[in-house]
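Notes to accompany the following structure.
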Amino acid sequence: MLGLGPIAFAVPWILGALIVLPVLWWLLRLTPPSPRIVQFPAIRLLRDLVAREETPARTPLWLLIMRIILAALVILALAQPLLNPRAGLPGSGPIVMVVDNGWGAGRDWPARQRTMADLVDQAERGNRDLIVVATAPDAAGEKPRPSNLMRPADARRITQSLAPMPWPTDRAAVLEALRGLQVQGSAHTVWLSDGLSDAAAQPLAARLQQMGGVEILMDGADRLPNLLLPPATEGTDLVATVKRADTTLPTPVTVRAMADDGRLLARQGAAFTPGADTQEIRLALPVELRNEVVRMSIEGEQTAGATVLLDERWRRRPVGLVSGRPEGENQPLLSDLYYLERALSPFSEIRRGTVLDLMSRDLSVLILADIGALTDTEATAVETWVERGGVLVRFAGPRLAQHTDHLVPVRLRLGDRTLGGALSWSEPAKLAAFPPSSPFAGMHIPPDVLVDRQVLAEPSIDLPDKTWARLADGTPLVTAENREEGKIVLVHTTANPDWSNLALSGLFVDMLRRITALSEGVSGDMQATTFAPIEVLDGRGQLVPPPATVFPIPGNAFRPDALGPRHPPGFYGTEEARRALNLTSLVTRIEPLRRLPAGVAQGTYAARGEVDLKPWLLGMAMALAIADLFVAMVLRGLLGNFRFGRGRRRAAVTAAAVLLAAGTVAAWPGGARAAGDDFALKASGETYLAYVVTGDRTLDDTTKAGLEGLSEVLNRRTAVETAGAMAVDPEQDELAFFPLLYWAISPSQPDLSDAARVKLNMFLRNGGTILFDTRDRQFGAGSALTGGGPGSQRLRQLVDGLDVPALAPVPPEHVLTKAFYLLQDFPGRYSGGDVWVEAQEGRHNDGVSSVIIGAADWAGAWAVDESGRPRNAVVPGGERQREMAYRFGVNLVMYALTGNYKADQVHVPAILERLGQ
């Protein structure tokens with residue numbers, strides 16, 4: 003590498019071509035330009051034959067200078083000039099690249115890939131060999147070991163194939179493997195760490211230092227990976243615990259809860275205070291929604307440690323029902339179980355049977371309706387089950403009033419005054435407000451709920467602490483007691499309307515909902531089954547189909563310590579009974595990488611200021627080449643009567659300078675979008691159908707052609723006047739000018755920056771609509787959200803951090819089905835599949851869904867060529883299907899522009915009818 007101040011040349015020998023520039027100058031001066039082409043004067047052959055301008059014998063000086071500069075620019079560009087080049091890597095031996103590719107590296111893996119590419123480039127310039135060591139075991143379970151000595155080209159292929167793994171690193175195995183590694187000369191080691199410490203971190207750094215110089219790269223304190231532990235349940239809430247490594251900064255963190263179909267169910271943020279390494283975040287959810295949560299993650303972090311999968315232990319609540327009354331077969335309204343089933347079925351799984359039968363199955367809650375004393379066998383089985391975490395709920399009745407056992411939270415009063423344990427009133431009693439410590443606290447008590455009869459509790463010192471609900475006269479209505487890990491709850495009245503009308507009220511449903519939410523879920527018999535993999539997490543925290551290297555887990559081995567390459571985190575078992583294996587059940591705390599040996603250099607993954615000048619120089623050369631072509635055409639008379647007078651020569655030189663500057667700006671990073679004002683003027687002057695640039699040229703061309711075709715249809719059939727399609731880049735362009743963005747998902751599309759996410763969120767909140775098209779119907783994927791196609795997988799990654807509302811398939815009466823045409827389905831280039839819209843479109847955004855998701859490749863069906871003919875075939879419906887795709891496009895644009903106008907019109911007949919009355 004040749005250095006000249008702040009500029010260096012990676013291939014300096016090419017600069018030797020500069021010595022031919024004088025020869026090139028001489029040849030250009032010696033060789034005259036091509037003869038000028040003049041129209042033959044057929045009529046006035048002999049008149050005015052005086053030659054006012056002759057073809058010069060030599061090339062003009064200014065043109066010579068421009069061509070010499072062009073050649074010099076090409077030579078300089080091929081020499082690969084670098085501005086502010088990084089210093090050469092120290093040492094005389096090979097470059098050792100140690101890469102932490104465990105779960106902690108997934109948060110910002112692209113930065114590590116860029117760093118690895120830069121290191122390989124530096125080694126290639128210095129003609130140094132490399133050794134690559136990945137610290138995480140591979141997918142086959144092989145322990146990490148250093149590679150052989152490689153040339154930079156081979157190392158580049160190895161580093162490009164590396165990916166983060168969803169399990170921890172094994173630095174101890176790396177340390178053991180490096181003890182026997184012998185290198186010639188003084189090696190230089192660059193350790194691309196995840197910033198986390200373990201027992202082998204310091205010994206590994208010391209061993210690397212013995213081999214030569216060591217530089218450790220890690221993220222800053224605000225970019226270190228965090229841990230999301232499996233949530234606890236408190237009532238109906240999920241309480242997530244987030245752990246962090248560095249405790250110096252006040253860092254915000256947000257936890258998201260997702261359903262199985264990708265819907266966002268809850269999102270809650272909090273902030274770490276300086277010095278705190280743990281932050282609890284409470285997600286308040288109704289029981290119905292809490293039972294739908296299958297995944298929780300830290301927003302903005304794509305790692306297996308920031309993702310927790312929830313199985314039936316958090317979602318399923320099997321409830322067993324046993325009644326002491328035989329009636330109900332012919333007269334269901336007299337049965338206790340009739341009212342219990344109606345109240346519990348919306349949020350629980352109901353199971354019937356005898357006490358012993360139910361104890362042999364998995365239960366969260368056991369409800370005994372008017373069961374008196376249990377047999378010794380039944381009592382022992384129930385008591386053991388409660389102590390292991392079960393919730394026993396008992397309802398009173400004539401049998402319990404006469405015969406009771408020890409499986410009640412309080413002693414029941416006996417005596418004549420209670421008529422055998424039951425007390426009757428001449429005046430029914432109302433319920434008092436629930437105590438603040440009660441699980442029922444805050445619930446509204448209807449004034450018409452009355453209790454005619456109850457069993458009474460014996461007064462005791464701890465009776466107030468055990469009382470969850472009272473009557474207006476202070477006597478307990480619901481009492482409870484903890485027994486080891488479980489609870490026993492007694493409702494002092496019946497489960498049917500015999501003693502009260504509580505069972506006929508909505509309060510009855512809400513109280514049972516709260517009690518059920520206190521229980522733990524079940525996940526089947528862990529000892530008697532083998533759990534086959536269903537879906538597993540990759541190193542970016544995404545659920546993917548299990549590869550062939552993943553094996554089933556025996557039931558007696560399903561523990562956190564089973565996690566590893568053979569059993570990565572994910573869902574195991576069957577679709578009906580899934581069991582979640584989470585990384586954070588094994589890794590429960592993290593520490594930052596500190597206290598390194600003296601002499602070890604430390605750095606970050608931030609860009610180091612080196613700028614490659616080759617694109618700039620080639621851009622300038624291209625601009626000069628275009629100017630030279632224009633000049634040559636003028637000199638040969640191919641542009642009509644254009645002449646190079648003195649003024650026009652100055653204009654030509656000025657034009658060449660402008661083209662040169664334009665080429666420089668175009669080649670300069672970020673310069674292509676310098677004309678932001680022009681973009682704003684164009685976008686605000688007319689209505690454009692905008693699409694998001696993906697970087698996939700073929701896809702972007704198809705999307706543009708599709709929106710151009712749809713624009714023509716809109717202009718012909720509707721009052722909408724569109725000017726065509728316009729490409730937008732969320733990273734740089736203002737989005738507020740467009741009511742609708744069409745976003746075709748490309749698997750190769752780069753991740754969004756935080757600034758782009760902020761801009762997109764503002765667009766969605768301020769009335770904009772985005773149509774995400776995953777195009778996965780071409781692969782036969784069933785849904786744009788739940789399908790396994792590459793588009794849907796990439797979509798989940800792209801929308802991470804966006805305020806995407808809860809989504810649902812388009813209902814039959816949605817405005818999209820009637821905004822202009824009456825439609826029942828929405829085919830594109832491919833038919834079938836659901837279209838997802840906002841589940842509850844409120845009054846904000848005029849009732850328009852801010853996000854629409856599909857997979858039918860509508861732009862592919864709309865796309866036309868320059869002559870207006872369709873570019874792509876549509877399957878399986880042919881041109882009829884293409885027409886329906888156009889109609890969906892018309893409805894989509896009308897929906898985005900007019901809001902819920904059509905929804906309001908459906909009420910006109912009813913309004914007119916009322917006005918007529």
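The opening residue of the sequence shown carries number 3 in our numbering; numbering runs sequentially from there. Here a beta-carbon is modelled for each residue, glycine too, at the ideal position from N, C-alpha and C.
Check, Outcome
"Residue 886, DSSP secondary structure in three states", "helix"
"Range of the contiguous alpha helix (DSSP H) that encloses residue 386", "378-389"
"Classification of residue 494 by the beta-carbon crowding that lies within 10 angstroms, buried from 16 upward", "buried"
"At least three beta-carbon pairs within less than 8 Å, the stretch 457-464 to the stretch 435-445", "no"
"Reduced DSSP secondary structure (H/G/I, E/B, other) of residue 501", "coil"
"Whether residue 485 touches residue 388 by CB criterion (7 Å)", "yes"
"Counted within 10 angstroms of its Cβ, other Cβ atoms place residue 344 as buried (16 or more) or exposed", "exposed"
"Separation of residue 292 from residue 304, as counted between CA atoms", "23 Å"
"Nonlocal neighbours in the same chain, by C-beta distance under 7 Å from residue 408, ignoring five residues either side", "none"
"Cut-off 8 Å between Cβ atoms - residues of its own chain near residue 536, not counting five sequence neighbours on either side", "548, 572, 573, 574, 575, 576, 577 and 580"
"Proximity below 7 Å, CB of residue 175 to CB of residue 146", "yes"
"Coil, strand or helix - residue 294 by DSSP", "coil"
"Beta bridge counterpart(s) of residue 190 as assigned by DSSP", "97 and 215"
"Contact under 7 Å by Cβ, residue 322 with residue 267", "no"
"Residue 529 versus residue 587 - alpha carbon distance", "With a pLDDT of only 48 at residue 529, under the threshold of 50, the placement of this residue in the model should not be trusted, and no figure is reported."
"Spatial neighbours of residue 98 in its chain, beta-carbon cut-off 6 Å, leaving aside the 5 residues before and after", "133, 189 and 191"
"Alpha-carbon to alpha-carbon, residue 106 and residue 130", "29 Å"
"Top-ranked residue by Cα proximity to residue 137, from 195, 150 and 684", "195"
"Sufficient close CB pairs (3 or more, under 8 Å) joining the stretch 818-837 to the stretch 879-889", "yes"
"Segment contact, 8 Å Cβ cut-off, at least three pairs: the stretch 727-742 with the stretch 681-694", "yes"
"DSSP state of residue 734 mapped onto helix, strand, coil", "coil"
"Buried/exposed call for residue 855, threshold 16 Cβ in 10 Å", "buried"
"Where residue 203 falls: helix, strand or coil (DSSP)", "helix"
"Minimum length 4: unbroken alpha helix (DSSP H) runs contained in the stretch 120-169", "154-163"
"Residues that DSSP places opposite residue 854 in a beta bridge", "773"
"Alpha-carbon spacing of residue 362 relative to residue 324, whole angstroms", "14 Å"
"Beta-carbon proximity check, residue 412 vs residue 433, cutoff 7 Å", "no"
"Inter-residue Cα distance where the pair is residue 16 and residue 178", "45 Å"
"Residue range of the alpha helix (DSSP H) that includes residue 706", "699-719"
"Inter-stretch contact (C-beta, 8 Å, three-pair minimum) for the stretch 860-872 and the stretch 805-813", "no"
"For residue 603, the three-state DSSP class (helix, strand or coil)", "strand"
"Expected contact under 8 Å - CB spacing of residue 496 and residue 372 to nearest Å", "6 Å"
"Where the beta strand (DSSP E) through residue 470 begins and ends", "469-472"
"Euclidean distance between Cα positions of residue 217 and residue 231", "32 Å"
"Cβ contact (3+ pairs, closer than 8 Å) linking the stretch 332-341 and the stretch 253-266", "no"
"Spatial distance of residue 341 from residue 236 (CA atoms)", "26 Å"
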